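Novice: Can you keep this structure in mind? I'll have questions shortly.
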Amino acid sequence: MSVVGIDLGFLNCYVAVARSGGIETIANEYSDRCTPACISLGSRTRAIGNAAKSQIVTNVRNTIHGFKKFHGRSFDDPIVQTERIRLPYELQKMPNGSAGVKVRYLEEERPFAIEQVTGMLLAKLKETSENALKKPVADCVISIPSFFTDAERRSVMAAVQVAGLNCLRLMNETTAVALAYGIYKQDLPPLDEKPRNVVFIDMGHSAYQVSVSAFNKGKLKVLATTFDPYLGGRNFDEALVDYFCDEFKTKYKINVKENSRALLRLYQECEKLKKLMSANASDLPLNIECFMNDLDVSSKMNRAQFEQLCASLLARVEPPLKAVMEQANLQCEDISSIEVVGGATRIPAVKEQITKFFLKDISTTLNADEAVARGCALQCAILSPAFKVREFSITDLVPYSITLRWKTSFEDGTGFVMIKSGGSFIIQNVFPQSDGDSSKVKVKVRVNIHGIFSVASASVIEKHNLEGDHSDAAMETEASFKNENKDEVEKMQVDQEEGSHQKCHAEHTPEEEIDHTGTKTKSTPSDKQDRLNQNIKKGKVKSIDLPIQSNLYRQLGQDLLNSYIENEGKMIMQDKLEKERNDAKNAVEEYVYDFRDRLGTVYEKFITPEDLNKLSAILDDTENWLYEEGEDQPKQVYVDKLQELKKYGQPIQMKYMEHEERPKALNDLGKKIQLIMKVIEAYRNKDERYDHLDPAEMEEVEKYISDAMSWLNSKMNAQNKLSLTQDPVVKVSEIVTKSKELDNFCNPIIYKPKPKVEVAEDKAKANGEHNGPVDGQSGTETKPETTKDSSQHTKSSGEMEVD
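Its first residue numbered 1, the sequence shown is counted upward by one per residue in the numbering used here.
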């Protein structure tokens, strides 16, 4: 079973696998461990990853990138509209209100949901994994930003299904980094000691995340997490792009932002310049040839200018750091280490801001690019039964709140609404008690292993002549966050007044916790709960289940999801057929170029001048055909064209191969004949080595060898009379067959082993006689004793050795 962790990044993706030797980040078909999050749609096929990135400039309108932020969002979402301005391709409103993309694919305009686009990317990463592992891949753990809402997580899970993967867990990126850091640490404090607190800072291309985790031996607990979803490496790129756009407008009188291709090229160059400035503080040039309107542009920038340009961005580094420390209720001196990952943390000014806040050096022990994927692979290994991993408990944090809203009497219907970002659950049929008192409602909610929210059950506690609270509309809810396949994780109670809004943060409490293994520490029930349980037993109150209506905005229906899965399968098949068509076309092109080159070198002696001219013309015509009417033909046309060329080329190739291999085959056969003739000669001379051979069989060998020599000589003489352009008289395969026949006929006769000869001693034993003492027990002849004289020379009895 394969264990795969996928870092689904905004700009790039990484895939790590767990093997017996540890965690390994695998490379794609370009021998690159980084796969761009990019899909390019064409008239016949799709390009995904590195191949798509190379088409960003040439296929601007149909190359999709930067789509991660659209998951779970409506088309009218301000964030979507802000992102829309940056994109060279077109966004479209889908039937369910979500944001999709509109591109031209297979010669027609087609809309694709974000789940489909991400599904394409995940399917490519799945293919990369299978090619590296040489086995099917299904189970995986996929990373997502810690700030992804319920709707965004549901959208990613839909994309996972489109790709045909089985996601064991959607894992927060900072939690994956923490796992990659902690599981290998051998010096963590024991469980009964104060934990080691570590801050993890991840600034990638599009987002900035900070978390604090507490580590004990075999245990990780996320204490707090904060984020700035709109600060990342691309913001620093944009600052450079805006600067150079203004400069070029003044210097060259061109408006770069009106030209999509030019703008994309400028983004690429600014990203390179940013990376160079991280390692070099001097002035660095920016030169782009044929940039726009056939103009070459140039400029320069240094690190000091860059930091001044990005001062407002750098000011946003500290607030999340401050917020995470406040949430965790820790001081800087409580932090053992600060670990940074993500490409943007390589910017010196960013590192300087972090160091300034914590007043201690930052640590870069983790791989800045691959740590998330490695953590996901470790989590997948932990969840998979196929791997035995060191026990490591992971207690994660749900960063978002749950809102409970009570519907007042003048509103439509009765009940209350529980809201998690992107969805609502309406608890229906909630009425006052018969005595006019408020009803007490018990609600059980769950957050599964992916961080996705659901309401498991709801019930109303009906009183029977029980004195209780006479407030207008008091409500008590008990919400237990529960892993889908495991026990409860945490509990909380909220008193809800009519018309008020109460937010309940899903944080881990000391009363009841659970790690990934399912081990749970139960808390002591409260007095109120004890009384309620006792009243239920006494029959004073009873629990009545209530119906729940769920409204999950923009969630894909199963029928629509199935259609996406089916379409992805069709596109994969189309890609496969197109690859086979291109391979067939490339085979024709390769044959033309390769054969033409050989005709002028190694094949030149084996073709007549007339045939050479004829074949050269055929090759030239085929080359022209490939770039004209043969540019876009079905696969079978190319297959037939290649077979037609081979009819002309194979005879020449055969003559060349026969000429090259024939001398060795003839030599081998000649050596075997000579060797057997030597044996025949020795046999005639009464050589005692061969006196056991049968005379009749040896006559047959002699006749066979004579015939073989005659055949060999006749063939060699005939072949020597032919020119190189003529077909050979005898083929190498015939010579090899003759050699094998000779071995099969002659070797069993001439190499027949001599029969065993009985020695006199054995005959004597057979007659019951013996020459010396025999060991009575073993029945073997006793060996003569050996003694040593004063000279330390060993000798046998009955012998004497003289110095």
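Note that beta-carbon positions come from the ideal geometry of N, C-alpha and C, so glycine has one too. Computed from a prediction, not measured in an experiment: that's the story for all the values here.
Per DSSP, what kind of secondary structure is K738 in: helix, strand or coil?
Specialist: It is helical.
Novice: Under a three-way DSSP split, which group does M806 fall into?
Specialist: The requested residue 806 is not part of the displayed model; the chain covers only 1 to 803.
Novice: Express the C-alpha separation of L240 and D7 in angstroms, rounding to a whole number.
Specialist: Going from the Cα of D7 to the Cα of L240 covers about 27 Å.
Novice: Quick one: is M475 buried, meaning 16 or more other Cβ sit within 10 Å of its Cβ, or exposed?
Specialist: Unreliable positioning characterises M475 in this predicted model, as indicated by a pLDDT of 39, which lies under 50. The coordinate reading is nonetheless provided below. With 16 or more other Cβ atoms within 10 Å, it is buried.
Novice: Just to confirm the assignment: which complete beta strand (DSSP E) runs, minimum length 3, are found wholly within the stretch 82–107?
Specialist: Those beta strand (DSSP E) runs which fall completely within the stretch 82–107 and span 3+ residues are 90–93, 99–105.
Novice: By how many angstroms is the C-alpha of H450 removed from the C-alpha of S457?
Specialist: Roughly 20 Å between the two C-alpha positions.
Novice: Starting from R316, trace the alpha helix (DSSP H) both ways and give me its first and last residue.
Specialist: Careful: R316 lies outside any alpha helix (DSSP H) and carries neither H nor E.
Novice: Reducing DSSP to helix, strand and coil, say where F357 ends up.
Specialist: Correct three-state label for F357: helix.
Novice: Have a look at I79 and F67 and give me their C-alpha separation to the nearest angstrom.
Specialist: I79 and F67: Cα-Cα distance of roughly 12 Å.
Novice: Could you give the C-beta distance for V732 and E658, rounded to a whole number, given that I count them as a contact under 8 Å?
Specialist: At roughly 6 Å, the Cβ-Cβ gap stays under 8 Å, so V732 and E658 are in contact.
Novice: So, at 6 Å on beta carbons, what are the nonlocal neighbours of Q209 in its own chain, with the 5 sequence-adjacent residues on each side left out?
Specialist: Hits under 6 Å: S146, T174, D202, F227.
Novice: First and last residue of the beta strand (DSSP E) that includes N62?
Specialist: No beta strand (DSSP E) holds N62; DSSP gives it neither H nor E.
Novice: Assuming S143 and C376 are in contact, meaning their beta carbons sit under 8 Å apart, how far apart are those beta carbons, in whole angstroms?
Specialist: Right, their Cβ atoms sit about 5 Å apart.
Novice: Can you round the beta-carbon distance between V101 and I64 to whole angstroms, since I take them to be within the 8 Å contact cut?
Specialist: Indeed they touch by this definition, with Cβ atoms about 6 Å apart.
Novice: Do you know how far the Cα of K703 is from the Cα of N713?
Specialist: Whole-angstrom Cα-Cα distance: 15 Å.
Novice: Starting from D594 and walking both ways along the alpha helix (DSSP H), at which residues does that stretch end?
Specialist: D594 -> alpha helix (DSSP H) spans 558–599.
Novice: Going along the chain, which unbroken runs of the beta strand (DSSP E) with 3 or more residues stay wholly within the stretch 136–187?
Specialist: Segments of the beta strand (DSSP E) lying fully in the stretch 136–187: 139–144, 166–172.
Novice: Quick check on DSSP: helix, strand or coil for T622?
Specialist: Reduced to three states, the DSSP call for T622 is helix.
Novice: Would you say G425 and I548 are within 8 Å of each other, going by their C-beta atoms?
Specialist: Here residue 425 turns out to be Phe, not Gly, going by the sequence shown. For F425 and I548, yes; Cβs fall inside 8 Å.
Novice: State whether the stretch 343–350 contacts the stretch 232–247, with contact taken as three or more CB pairs (one from each stretch) at a distance under 8 Å.
Specialist: As far as the Cβ criterion goes, the stretch 343–350 touches the stretch 232–247, which means the pair count is three or higher.
Novice: For the stretch 628–636 and the stretch 577–592, state whether three or more C-beta atom pairs, one from each stretch, are separated by less than 8 Å.
Specialist: Output reads yes: the stretch 577–592 touches the stretch 628–636.
Novice: Taking all protein chains shown into account, decide if G21 is buried (16 or more other Cβ within 10 angstroms of its Cβ) or exposed.
Specialist: So G21 ends up on the exposed side.
Novice: Name the one or two DSSP bridge partners that T226 has.
Specialist: Per DSSP, V210.
Novice: Nearest to K126 by alpha carbon, out of D334, N28, K672, S312?
Specialist: Nearest option by C-alpha distance: N28.
Novice: For A826, collect the residues of the same chain with a Cβ closer than 6 Å to its Cβ; drop the 5 residues on either side in sequence, then sort them by chain order.
Specialist: Outside the shown range of the chain, which is 1 to 803, sits residue 826, and nothing can be said about it.
Novice: Is DSSP giving F291 helix, strand or coil here?
Specialist: Three-state result, F291: strand.
Novice: Going by C-alpha to C-alpha distance, which of Q574, I705, L619 sits closest to E590?
Specialist: Closest option to E590, Cα to Cα, is L619.
Novice: Give a yes or no on whether the C-beta atoms belonging to A859 and M301 are separated by under 8 Å.
Specialist: Lying outside 1 to 803, the shown extent of the chain, residue 859 is not represented and no answer is given.
Novice: In whole angstroms, what separates the C-alpha of A682 from that of E688?
Specialist: Those two C-alpha atoms are separated by around 9 Å.
Novice: Measuring only the C-alpha atoms, how far is M716 from K655?
Specialist: About 16 Å.
Novice: If you run the structure through DSSP and keep just helix, strand and coil, what is D694?
Specialist: In the structure shown, D694 sits in coil (DSSP, three-state: anything other than H, G, I, E or B).
Novice: Determine the closest residue to K221 out of S206, A207, F200, with distance taken between C-alpha atoms.
Specialist: Closest by alpha carbon: F200.
Novice: Under DSSP, the alpha helix (DSSP H) around F453 begins and ends at which residues?
Specialist: Unbroken run through F453 is the beta strand (DSSP E), 453–463; no alpha helix (DSSP H).
Novice: DSSP three-state call for E484: helix, strand or coil?
Specialist: For E484, the pLDDT reaches just 40, beneath the cut-off of 50, and the residue's location in the model is therefore unreliable, although a value from the coordinates is still provided. If DSSP states are grouped into helix, strand and coil, E484 belongs with coil.
Novice: Please report the straight-line C-alpha distance between G42 and L556, rounded to a whole angstrom.
Specialist: Approximately 26 Å between the Cα atoms of the pair.
Novice: Which residue or residues does DSSP assign as beta-bridge partners of I705?
Specialist: Per DSSP, none; premise fails for I705.
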